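Start counting the sequence shown at 288; every next residue gets the next number (our numbering).
Note that CB positions come from ideal geometry on N, CA and C, so glycine has one too.
On a predicted model such as this, the values are computed, not experimentally measured, just so you know.
To start, the structure itself, in structure tokens.
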Amino acid sequence: MPTRPLIIAALLLLSLPRGEAQNRVARLERHFSALAANGAFNGGVLVAERGTVRFRKTTGYADFSRSVPLAAGTRFPLASLSKTITATAVLQLAEAGKLSVSDPVARHLPGFPYPDIRIRHLLSHTSGLPPYNAYLDSLRSAHPDTSFGNADFRAVLLKAPRPLLYAPGAKANYDNVNYLLLALLIEQVAGEPYRTYIGRHILKPARMTQTLLLPFRQQYNASAPLPFAYPHLYPYKFSDSLVRAKDVTYIARYWRTYNFSGFGDLVSTLRDLLRYDEALYNGRLLKRETLEEAFQPVPLNDGSLPPTRFGLGWQVGSDSTYGRVVYHNGNATGLSCILLRNISRKQTVIVFDNVHADNAQPLAFEALRLLNGDAVPLPRKSAAAEYVRLLLHAGCLPARARLRALQADSLRYYLSENELNDIGYDLMGGPNNPNPYRFAEVRRYPEALELFRLVAELFPGSWNAHDSYGEILLLLGRTAEATEEYRRSVQLNPRNEGGKKALERLTRQ
Numbered sequence: 288m289p290t291r292p293l294i295i296a297a298l299l300l301l302s303l304p305r306g307e308a309q310n311r312v313a314r315l316e317r318h319f320s321a322l323a324a325n326g327a328f329n330g331g332v333l334v335a336e337r338g339t340v341r342f343r344k345t346t347g348y349a350d351f352s353r354s355v356p357l358a359a360g361t362r363f364p365l366a367s368l369s370k371t372i373t374a375t376a377v378l379q380l381a382e383a384g385k386l387s388v389s390d391p392v393a394r395h396l397p398g399f400p401y402p403d404i405r406i407r408h409l410l411s412h413t414s415g416l417p418p419y420n421a422y423l424d425s426l427r428s429a430h431p432d433t434s435f436g437n438a439d440f441r442a443v444l445l446k447a448p449r450p451l452l453y454a455p456g457a458k459a460n461y462d463n464v465n466y467l468l469l470a471l472l473i474e475q476v477a478g479e480p481y482r483t484y485i486g487r488h489i490l491k492p493a494r495m496t497q498t499l500l501l502p503f504r505q506q507y508n509a510s511a512p513l514p515f516a517y518p519h520l521y522p523y524k525f526s527d528s529l530v531r532a533k534d535v536t537y538i539a540r541y542w543r544t545y546n547f548s549g550f551g552d553l554v555s556t557l558r559d560l561l562r563y564d565e566a567l568y569n570g571r572l573l574k575r576e577t578l579e580e581a582f583q584p585v586p587l588n589d590g591s592l593p594p595t596r597f598g599l600g601w602q603v604g605s606d607s608t609y610g611r612v613v614y615h616n617g618n619a620t621g622l623s624c625i626l627l628r629n630i631s632r633k634q635t636v637i638v639f640d641n642v643h644a645d646n647a648q649p650l651a652f653e654a655l656r657l658l659n660g661d662a663v664p665l666p667r668k669s670a671a672a673e674y675v676r677l678l679l680h681a682g683c684l685p686a687r688a689r690l691r692a693l694q695a696d697s698l699r700y701y702l703s704e705n706e707l708n709d710i711g712y713d714l715m716g717g718p719n720n721p722n723p724y725r726f727a728e729v730r731r732y733p734e735a736l737e738l739f740r741l742v743a744e745l746f747p748g749s750w751n752a753h754d755s756y757g758e759i760l761l762l763l764g765r766t767a768e769a770t771e772e773y774r775r776s777v778q779l780n781p782r783n784e785g786g787k788k789a790l791e792r793l794t795r796q
């Protein structure tokens, strides 16, 4: 398996004065190259201004298992970034007079059991609907080999509605179920399949020739290699090698079952997303006044703005330092992407990463700062990751010695208590270890013990460090030492209820 990624960069001259333009491009190149060198970026970035590409770079692999490198035209899953295209379709139907975003959903979906939910609530994630799992998980358990699509969800919704989480418009919570319903609504109002409508009315006029709808079942279950950047993940926080998300049994089974459309089934390229951005600017998809409404955060019933700050399909930035910014993320297991649009200056940043599930948004905003001439600190490497690699392969003493050296090099390395703690739980396993994808637990107790001991030494004022150290000591039967660590933890944080309960059990022994 390759250990060093292939890097492809394309740099184009800015329309700024030559020296300033080159300086900003150089900063972008230096920043993303450092991220790649640190193992913190595997993907692509495109930065444009007024439709002209200023900076473009791809780095890493589309498929690590087959050593397939990323290229400028590599497709990648859009995940929830697809929601902006669904929202665009709804707003097109509104412009055509076929619906209003203020309409009750029940007006267009006969039998819809929530009369107070309006289309605007779905677009802005303020409907109060519970997630689709609440409707279908019991059926999924009873029929594990059945695949449920949008029509199946609608049938269950009509037959057995669930209570709303809150009154429509009273609160906000981001949920895919809203856009699943919008896809159904598009089909009902337009009189054609969702896939057909999106292709004819959005992809074709925007000239997005490399974008296609790829059902989740194909993304996560195709036996033949697919021509896109596979999402990858590390099975454990201490892992050296990656696996494709589609090869993880739990993930593949989930998306084999929930084969929905409308909130995340598009794949695209950097260039096609720029074409989408251009089509929004030049009026090929929506009128300017429609976009103006879409880019306003939807207030709650009491007039306040929710922290999510969603408009009609777009999240609206609260920081106007560089202008008015709207954006949408796409996140999945082993993937993140974003389309960020500074509509005041017509600046666009597109980022995808098919290894890190939370990278795209912070990297896009860093790129925006660099594009506008601000300084952004160069990324630092994780001292915790290097320490753990040595701990597992060379032992305690070399790992500690290396960590001391890395701590002295704070310009290039950072040390995170939380990162160390999370790795410790992955090594230890057990009920307190988050393991959402059902990987086999490794239970490397000696290494977990050493790591938690180190964290307690490095962060003596942290109640959580002593709590975690107490947990591994208790697991290994070292009750006297565990009692002392839990006692320290509770002294530092009297509200540590878990630590109090552990102390009670220990003192009764």
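Pull up the CB-CB distance for residue i and residue j, whole angstroms please, since I reckon it's below 8 Å.
i, j, result
"Phe-800", "Ser-369", "Residue coverage of the chain in this structure runs from 288 to 796, which leaves residue 800 outside it and unanswerable."
"Leu-557", "Leu-333", "4 Å"
"Phe-639", "Gly-330", "5 Å"
"Leu-578", "Leu-561", "With a Cβ gap of about 17 Å, Leu-578 and Leu-561 do not count as contacting."
"Gly-600", "His-519", "About 28 Å; that fails the 8 Å criterion."
"Phe-726", "Asn-546", "About 24 Å; that fails the 8 Å criterion."
"Ala-470", "Asn-437", "6 Å"
Mind checking which residues open and close the beta strand (DSSP E) that includes residue i?
i, result
"Lys-788", "Lys-788 -> not in any beta strand (DSSP E); alpha helix (DSSP H) instead, spanning 784-795."
"Arg-628", "622-629"
"Thr-635", "634-640"
"Val-777", "Counting along the chain, Val-777 falls outside any beta strand (DSSP E), though it belongs to the alpha helix (DSSP H) covering 766-779."
"Leu-529", "Counting along the chain, Leu-529 falls outside any beta strand (DSSP E), and DSSP gives it neither H nor E."
"Thr-331", "The displayed chain sequence assigns Gly, not Thr, to residue 331. Its beta strand (DSSP E) spans residues 330-336."
For residue i and residue j, I'd like the C-alpha separation in whole angstroms.
i, j, result
"Thr-635", "Ala-327", "22 Å"
"Glu-576", "Arg-427", "43 Å"
"Thr-770", "His-408", "51 Å"
"Val-675", "Ser-631", "45 Å"
"Val-535", "Ala-516", "16 Å"
"Ala-789", "Tyr-773", "7 Å"
"Ala-647", "His-680", "32 Å"
"Arg-792", "Arg-765", "14 Å"
"Asn-722", "Tyr-521", "12 Å"
"Arg-628", "Arg-740", "46 Å"
"Ala-297", "Ala-511", "Caution applies to Ala-297, whose pLDDT of 38 falls short of 50 and renders its modelled position unreliable; the value that the coordinates give is listed next. If I take the Cα positions, the gap works out to 31 Å."
"Lys-808", "Gly-617", "Residue numbering for the chain in the displayed model covers 288 to 796; residue 808 lies beyond these limits and cannot be assessed."
"Lys-344", "Leu-677", "32 Å"
"Arg-730", "Ile-759", "11 Å"
"Ile-372", "Ser-528", "34 Å"
"Tyr-563", "Leu-626", "10 Å"
"Arg-362", "Glu-784", "48 Å"
"Val-612", "Asp-390", "28 Å"
"Asn-325", "Tyr-348", "15 Å"
"Tyr-537", "Leu-762", "28 Å"
"Pro-364", "Ala-644", "12 Å"
"Ala-581", "Arg-571", "16 Å"
"Ala-421", "Pro-431", "16 Å"
"Ala-493", "Val-585", "27 Å"
Going by the beta-carbon positions, is the gap between residue i and residue j smaller than 8 Å?
i, j, result
"Leu-357", "Gly-398", "no"
"Thr-498", "Ser-555", "yes"
"Arg-543", "Tyr-507", "yes"
"Ile-489", "Ala-374", "no"
"Ser-320", "His-615", "no"
"Ser-697", "Ala-671", "no"
"Phe-440", "Tyr-419", "yes"
"Tyr-724", "Ala-743", "no"
"Leu-322", "Pro-649", "no"
"Val-388", "Ile-404", "no"
"Ala-457", "Leu-587", "yes"
"Leu-738", "Leu-714", "yes"
"Asn-659", "Tyr-609", "yes"
"Tyr-712", "Ser-669", "no"
"Ile-485", "Leu-500", "yes"
"Leu-798", "His-395", "The chain is shown only over 288 to 796; residue 798 falls outside these bounds and no answer can be derived."
Between which two residues does the alpha helix (DSSP H) holding residue i run?
i, result
"Leu-561", "557-568"
"Val-612", "No alpha helix (DSSP H) holds Val-612; the beta strand (DSSP E) holding it covers 612-619."
"Asp-754", "750-762"
"Lys-574", "Premise fails: Lys-574 is in no alpha helix (DSSP H) and is neither H nor E."
"Pro-538", "The sequence as given places Ile at residue 538; Pro does not occur at that position. That run of the alpha helix (DSSP H) goes 536-544."
"Ile-404", "Per DSSP, Ile-404 belongs to no alpha helix (DSSP H) and is neither H nor E."
"Leu-658", "647-658"
"Ile-670", "Rather than Ile, the amino acid found at residue 670 in this sequence is Ala. Taken as a continuous stretch (DSSP letters only), the alpha helix (DSSP H) holding Ala-670 covers 670-680."
Legend entry - Any alpha helix (DSSP H) of 4 or more consecutive residues that is wholly inside the stretch 685-746: Here the runs fully enclosed are 704-715, 732-745.
Inset, instruction - Could you name each continuous alpha helix (DSSP H) segment of 4 residues or more that falls completely within the stretch 422-502, going from the start of the chain to the end? - result: DSSP assignment within the stretch 422-502 yields the following whole alpha helix (DSSP H) runs of 4 residues or more, N-terminal first: 437-446, 464-477, 481-485.
Inset, instruction - Give, in chain order, every unbroken run of the beta strand (DSSP E) that is at least 3 residues long and sits entirely within the stretch 344-413. - result: Entirely contained in the stretch 344-413, the beta strand (DSSP E) runs reaching 3 residues are, in chain order, 348-350.
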